[in-house]
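This report concerns only the one structure given below.
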């Protein structure tokens with residue numbers, strides 16, 4: 002699953018209380034996660050094949066990676082859709098680009114976005130453990146980490162300490178929720194391949210808790226064929242902003258061009274209109 006982002010401060014970071022403010026995204030010359038924030042320099046532009054481009058964006062090859070995570074990013078009748086898809090396509094249009102979006106399982110996309118030629122993976126929660134793995138453009142959405150239980154189970158949580166005592170907590174492999182809980186000292190985590198599997202296992206009583214993301218849960222239930230009242234939210238423990246995460250090999254010029262266009266979309270109201278269309282009840286990140 003973001004500029005503002007959640008800051009780790011022991012368990013208080015994951016207690017549901019927000020950290021003291023969110024870090025403001027520096028100007029384009031100092032994009033967090035760039036060479037200025039890491040000892041690993043970006044690969045020179047000349048190292049990658051040129052492609053036609055306009056609008057001030059560097060002429061460089063770039064893969065766009067995403068996953069099935071409605072309503073943020075997903076496919077419908079073979080076409081990419083969702084809040085982040087609309088944002089990415091709007092940025093591309095302003096840059097005179099039209100790059101295809103590749104959908105794949107999150108674990109694979111996460112690996113491929115870190116290796117090889119320039120790539121952008123969206124939407125990714127920006128958490129401290131990932132900070133130096135990627136370069137960041139955003140924020141574009143805010144995620145809410147939440148524990149779910151089977152309806153009627155009687156499970157109630159008031160803290161992470163109580164969740165640690167559960168027999169098992171399902172969590173999707175390579176999701177930011179997994180990293181958050183591992184950092185908080187959880188040892189009862191069972192990693193699963195995708196949220197649909199988690200929903201079905203929880204509904205079938207194969208685990209007492211599922212640590213998932215709140216925005217996507219309604220659509221995940223539909224995709225899993227599970228009734229919307231089969232699960233219940235028992236405890237929300239963290240908020241994290243979502244970003245477009247670029248590989249370390251992506252030239253700084255590309256980062257600057259994308260962030261500049263996103264900033265302009267926020268100034269002229271385009272970003273807010275897209276956010277309201279997909280998440281009418283949520284305030285857009287600044």
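Residue numbers (this note's numbering): 2 to 287.
The C-beta atom is built at its ideal place from N, Cα and C for all residues, glycine as well.
Values in this document were obtained by computation on a predicted structure and should not be read as measured data.
Leaving aside the five residues before and after residue i along the sequence, list all residues of the same chain whose C-beta is less than 7 Å from its C-beta, in chain order.
i           : result
residue 294 : The shown model of the chain, from 2 to 287, leaves out residue 294, and the question about it has no answer.
residue 29  : Note that residue 29 has pLDDT 36, beneath the 50 cutoff, so the model's placement of it is unreliable and no number is given.
residue 84  : 72, 73, 142, 275, 276, 279 and 280
residue 167 : 189, 209 and 210
residue 99  : 93
residue 130 : 180 and 184
residue 113 : 66 and 120
residue 22  : Because the pLDDT at residue 22 is just 33, under 50, the model does not fix this residue reliably, and the value given afterwards should be weighed accordingly. Within the same chain, residue 22 has no close Cβ partners at all.
In terms of DSSP beta bridges, what is residue i paired with?
i           : result
residue 242 : 143
residue 171 : 191 and 211
residue 235 : Note: residue 235 sits in no beta bridge, so no partner.
residue 103 : 66
residue 264 : Answer is none; residue 264 lacks a bridge partner.
residue 122 : 66 and 246
residue 77  : 80
residue 138 : 245
residue 148 : 212 and 236
Spatial neighbours of residue i within its chain, please: C-beta separation below 6 Å, excluding the five flanking residues on both sides.
i           : result
residue 278 : none
residue 104 : 67 and 76
residue 64  : 120
residue 236 : 148 and 158
residue 39  : Only weak support is given to the placement of residue 39: the predicted model assigns it a pLDDT of 36, under 50, and the value that follows is read from those uncertain coordinates. Taken in chain order, the residues that qualify are 133.
residue 191 : 169 and 171
residue 108 : 174 and 175
residue 283 : none
residue 179 : 172
residue 122 : 66, 110, 114 and 246
residue 86  : 74
Run the CB neighbour count on residue i, radius 10 Å, all protein chains shown included, and call it buried at 16 or more, exposed below.
i           : result
residue 150 : buried
residue 74  : buried
residue 71  : buried
residue 116 : exposed
residue 139 : buried
residue 269 : exposed
residue 69  : buried
residue 287 : exposed
residue 207 : exposed
residue 181 : buried
residue 294 : Lying outside 2 to 287, the shown extent of the chain, residue 294 is not represented and no answer is given.
residue 51  : Per-residue confidence for residue 51 stands at a pLDDT of 33, beneath the threshold of 50, marking its modelled position as unreliable; no derived number is given.
residue 78  : exposed
residue 101 : exposed
residue 81  : buried
Can you list, in chain order, the residues of its chain whose CB lies under 8 Å from that of residue i, leaving out five sequence neighbours each side?
i           : result
residue 230 : 152
residue 222 : 200, 228, 229, 231 and 232
residue 202 : 171, 193, 208 and 211
residue 217 : 70, 71, 72, 73 and 196
Hey, would you say the C-beta of residue i is under 7 Å away from at least one heavy atom of the ligand ADP?
i           : result
residue 243 : Of ligands this structure carries none, so the ligand ADP is not represented either.
| said: Which complete alpha helix (DSSP H) runs does the region 173 to 203 hold, if anything under 4 residues is left out? | reply: For the region 173 to 203, whole alpha helix (DSSP H) runs of length 4 or above, ordered along the chain, are 177 to 184.
| message | Tell me whether the region 207 to 215 and the region 167 to 174 touch, counting them as touching only if at least three CB pairs, one residue from each stretch, are closer than 8 Å. | response | Yes, since at least three Cβ pairs between the region 207 to 215 and the region 167 to 174 fall closer than 8 Å, the two stretches touch.
| field | Sequence ranges, beta strand (DSSP E) only - wholly within the region 201 to 231, length at least 3 | value | Counting only runs of 3 or more, we get 210 to 214.
| task | Indicate whether the contact test is met: 3 or more Cβ pairs, each with one atom in the region 233 to 243 and one in the region 142 to 150, closer than 8 Å. | result | They touch, by the three-pair rule.
| query | Does the pairing of the region 219 to 235 with the region 189 to 203 give three or more beta-carbon distances under 8 Å? | reply | With three or more CB-CB distances shorter than 8 Å, the region 219 to 235 counts as touching the region 189 to 203.
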